[in-house]
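Here is the structure we will look at.
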Amino acid sequence: MKKILLLTLLTMMVMAFGQEKMELISGNFQALKDQKEVNVELKFDNVLFMKESFTEAQYLENRKEDVLANPKRGKEAWKQWIGEWERYKKEEYINHFIKGLGKYYKDVTFKKDGSAQYTLIVDTKWLLPGWHGGLIVMEAQISGTIKLVETGNPSVVLAEVALNQFDKFIQSKDEVMEYGRIATVYESTGRYLGKEIRKSVK
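Residue numbers (my numbering): 241 to 442.
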């Protein structure tokens with residue numbers, strides 16, 4: 241009987257997390273109920289890109305060829321593009337994720353490089369940058385995991401969420417370039433996760 245109740249509860253939690261796109265696969269967020277601050281860390285190591293699962297180096301080489309082959313763009317455009325790519329990786333992706341978290345869950349301050357008891361770790365495994373065609377936009381997609389861990393002992397995982405080609409739409413002005421669309425999907429991920437954290441700690 242207990243097993244049946246447990247399975248029912250887990251099924252309901254999975255449904256609440258948007259079924260396959262964002263799935264709570266273990267634990268819960270009850271530890272955050274009385275917290276005022278939570279650290280956020282974003283991992284961007286060994287990310288694969290596109291349906292072909294290119295490495296980042298392969299993806300960037302292909303992107304460089306596209307930019308340099310355009311007579312209206314060239315070396316200066318590539319220099320600017322790659323500079324923004326690196327800046328977004330270092331700053332904007334995590335900033336957008338934190339912004340998304342705070343959209344609907346305001347009881348906790350989420351911040352990077354903090355000293356809070358708990359940390360949310362976003363580990364990105366795969367990205368589809370999407371595309372921009374004027375009035376039509378294909379949203380970026382992200383796969384990976386988000387773990388709530390004890391900051392002092394990250395091997396203690398209190399909750400784990402799987403992202404499976406997550407691509408929930410939100411309006412954004414940052415969707416013209418690839419790095420902007422990726423930033424938008426991080427913000428969208430944060431929004432939907434923040435909603436579910438808020439529901440689960442009531």
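Even for Gly, the Cβ is constructed at its ideal location relative to N, Cα and C.
- Here DSSP, grouped into helix, strand and coil, assigns Y344 to helix.
- At a Cβ-Cβ threshold of 9 Å, E418 and W318 do not count as neighbours.
- In this structure, the CA atom of A399 is about 17 Å from the CA atom of E277.
- The shortest C-alpha to C-alpha distance from V287 to any of K329, R313, L360 is the one to K329.
- The Cβ atoms of D363 and K387 lie closer than 9 Å to each other.
- At the C-beta level, S440 and Q270 come within 9 Å of one another.
- At least 9 Å separates the beta-carbon of T349 from that of E390.
- Put simply, of P394, G314, E379, Q357 the residue whose alpha carbon is nearest the alpha carbon of K413 is E379.
- Taken in chain order, the unbroken stretches of alpha helix (DSSP H) that lie wholly in the segment 269 to 346 and span 4 residues or more are 296 to 309, 315 to 327, 333 to 344.
- The Cβ atoms of H336 and E427 sit closer than 9 Å to each other.
- S355 is the residue among F284, K343, S355 whose C-alpha sits nearest the C-alpha of G392.
- Counting only the Cα atoms, Y432 lies some 8 Å from Y344.
- Comparing alpha-carbon positions, the option among V307, I334, L341, Q381 lying closest to E281 turns out to be I334.
- With a contact defined as Cβ atoms closer than 8 Å, G430 and L341 qualify at about 4 Å.
- Residue state for G384 is assigned as strand, using DSSP reduced to three classes.
- Cβ neighbours of K283 within its own chain (closer than 6 Å, five residues either side excluded): D363.
- Closest option to V377, judged by alpha-carbon separation, among E436, K442, D407: D407.
- For the pair Q411 and K261, the CB atoms are not nearer than the 9 Å cut-off.
- Here DSSP, grouped into helix, strand and coil, assigns T429 to helix.
- Beta-bridge annotation (DSSP): M262 is paired with L403.
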